[in-house]
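So the protein sequences, as listed, match chains A and B.
In terms of the numbering used here, the first sequence opens at residue 1 and continues consecutively.
In terms of the numbering used here, the second sequence opens at residue 1001 and continues consecutively.
Encoded as structure tokens, the structure appears first; notes follow it.
Number of protein chains: 2
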Amino acid sequence: MELSEAIFGLVHAVRNNMKQEIKLLSIDLAPMHLKSLKVISIIDNCTGQKLADFMGRDKAQINRLIKELVSQELITKIDNENDKRSHLLKLSIKGDKIIELFKIAEKRVFNKMANDISPEKIDDFIQLTQILQSNLNPKSIE
Amino acid sequence: MELSEAIFGLVHAVRNNMKQEIKLLSIDLAPMHLKSLKVISIIDNCTGQKLADFMGRDKAQINRLIKELVSQELITKIDNENDKRSHLLKLSIKGDKIIELFKIAEKRVFNKMANDISPEKIDDFIQLTQILQSNLNPKSIE
DNA sequence: AAAATTAGTTGACATTATCAACCAAAATAA
DNA sequence: TTATTTTGGTTGATAATGTCAACTAATTTT
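And the structure:
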């Protein structure tokens, strides 16, 4: 079997399982909103532009998305001292609760996936995964 | 680092790279159309329902998608002898050419990703990936 | 200081996705 | 067998998601 096939297959399975778990936990948020929330929670000092870049989406869409997340009180915009054009996006307590729920879903899926595998094997797997990823990431020219 | 984090990171990188490669090859097809084409090429005797199930999408959408793929002459509907309600979806030569292009993009990304890793390590990786996937797949009750 | 770039915002519009209602074929139950 | 239910597909209406182009204001480059 090809590497690509294997990875696509695994990703497909993870996607389906996550979908299921998210439904079970009744995280009542549109997929894009949830995804944005997650990215905001991961990226340091996230701004609209960073969010758009990371998600690979048009900034217009991201801007509207942010507006909705703000109006749903899942995030807040904080003035950016370093750049007065932009705002830092921070999860509210409500937003953070949803991310915690999401992490539960994630944990369930990844436990189901890996709990019969030895920690050593998992560690090796993670390590190789990171190498593979770094091969794909654009090299910054020094 | 967590397994989930590692996998999400890798997938994100693969996604971005595939997007880039597909753009370079100027495969001029909407993302969903390309994805459907790929699934049709993978699934044996693919029907609309199978396609909808696999993609996890509404059958209405899939139905319209199929209509467009047919009108673009990328696939053909063949009468299903086993079930006269449905049709088998087959790639046309034109559709097959696009899939071949897609495979080139895929190959480029996965070479870039893995060509500094020994084949043995890749094989181990693929094997574990398959185990992880099978842990997630719904067990058929025998 | 002038010009170019960047972050964000908005309007118009295209694509993607879902729901509900419907028909006909097929599977199941009576 | 006939009646009922389920399944695969189709359509209309509409919602969610995504893109392009134009614009403003802050920042950076020249």
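A virtual CB, placed ideally from N, CA and C, is assigned to each residue, including glycine.
Please read these numbers as outputs of a predicted model, since none were measured by experiment.
* To do: Output yes if chain B places a C-beta closer than 8 Å to the C-beta of residue 62(A); else output no.
  => Between residue 62(A) and chain B, the shortest Cβ-Cβ separation is not below 8 Å.
* Helix, strand or coil: which one does DSSP assign to residue 1077(B)? -> Strand, per DSSP.
* Asked: In whole angstroms, what is the alpha-carbon distance linking residue 10(A) and residue 81(A)?
  -> For residue 10(A) and residue 81(A), the distance between alpha carbons rounds to 43 Å.
* **Proximity below 8 Å, CB of residue 38(A) to CB of residue 1136(B)** => Not in contact: residue 38(A) and residue 1136(B) (Cβ atoms no closer than 8 Å).
* How do the stretch 1111-1128 of chain B and the stretch 12-19 of chain A stand: do at least 3 beta-carbon pairs fall below 8 Å, yes or no? -> Taking 8 Å as the limit for Cβ pairs, the verdict is that the stretch 12-19 of chain A does not touch the stretch 1111-1128 of chain B.
* To do: Give me whichever residues DSSP pairs with residue 1087(B) in a beta bridge.
  => The partner list for residue 1087(B) (beta bridge, DSSP) reads 1079(B).
* **Residue burial classification, residue 105(A) (beta-carbon count within 10 angstroms, cutoff 16)** => Buried, by the Cβ-count rule.
* Asked: For residue 71(A) and chain B, any beta-carbon pair shorter than 8 Å?
  -> With respect to chain B, the C-beta atom of residue 71(A) has no partner C-beta closer than 8 Å.
* 8 Å Cβ cut-off: residues of chain B touching residue 106(A) -> Counting only Cβ-Cβ distances below 8 Å, residue 106(A) has contacts in chain B at 1004, in chain order.
* Asked: For residue 1029(B), does the count of other Cβ atoms within 10 angstroms reach 16, so buried, or fall short, so exposed?
  -> Classification for residue 1029(B): buried.
* Beta-carbon neighbours of residue 1023(B), restricted to chain A and to distances below 9 Å -> Under the 9 Å cutoff, chain A gives no residues; its nearest Cβ is about 11 Å from residue 1023(B).
* Whole-angstrom C-beta distance between residue 75(A) and residue 90(A), which should lie under 8 Å -> Yes, residue 90(A) and residue 75(A) are in contact; Cβ-Cβ is about 6 Å, under 8 Å.
* What do you get for residue 1045(B), buried or exposed, if any count of 16 or more other CB atoms within 10 angstroms of its CB means buried? -> Flag for residue 1045(B) reads exposed.
* Sorted by chain position, which residues of the same chain lie with C-beta nearer than 6 Å to residue 1142(B)'s C-beta, five sequence neighbours on each side aside? -> Residue confidence for residue 1142(B) is low, a pLDDT of 33 falling below 50, so the modelled location carries little weight and cannot support an answer.
* To do: Go ahead and label residue 133(A) buried or exposed: buried means 16 or more other beta carbons lie within 10 angstroms of its beta carbon, across all protein chains shown.
  => Looking at its Cβ environment, which holds 16 or more other Cβ atoms inside 10 Å, residue 133(A) is buried.
* Asked: In three-state terms, what does DSSP make of residue 116(A)?
  -> Under the three-state reduction of DSSP output, residue 116(A) falls in the coil class, being neither helix nor strand.
* Asked: For a contact meaning CB atoms closer than 8 Å, what does residue 101(A) contact in chain B?
  -> In chain order: nothing, as chain B lies at least about 15 Å away.
* Can the beta-carbon of residue 86(A) be found less than 8 Å from the beta-carbon of residue 127(A)? -> Pairing residue 86(A) with residue 127(A) gives a Cβ-Cβ distance that is not under 8 Å.
* To do: Show which residues of chain B have a CB atom less than 7 Å away from the CB atom of residue 129(A).
  => Close partners of residue 129(A) in chain B (Cβ separation under 7 Å): 1006, 1007, 1010.
* Taking the alpha carbon of residue 1021(B) as the point to measure from, which residue in 1123(B), 1129(B), 1138(B), 1102(B) has its own alpha carbon closest? -> Of all alpha-carbon atoms in 1123(B), 1129(B), 1138(B), 1102(B), the one lying nearest the alpha-carbon of residue 1021(B) is that of 1102(B).
* Segment limits, alpha helix (DSSP H) that includes residue 1017(B) -> Run containing residue 1017(B): 1003-1024, per the alpha helix (DSSP H) assignment.
* For residue 1052(B) and chain A, any beta-carbon pair shorter than 8 Å? -> Chain A contact via Cβ: absent.
* Identity of the residue in 84(A), 124(A), 27(A), 68(A) nearest residue 99(A) by Cα -> Closest by alpha carbon: 27(A).
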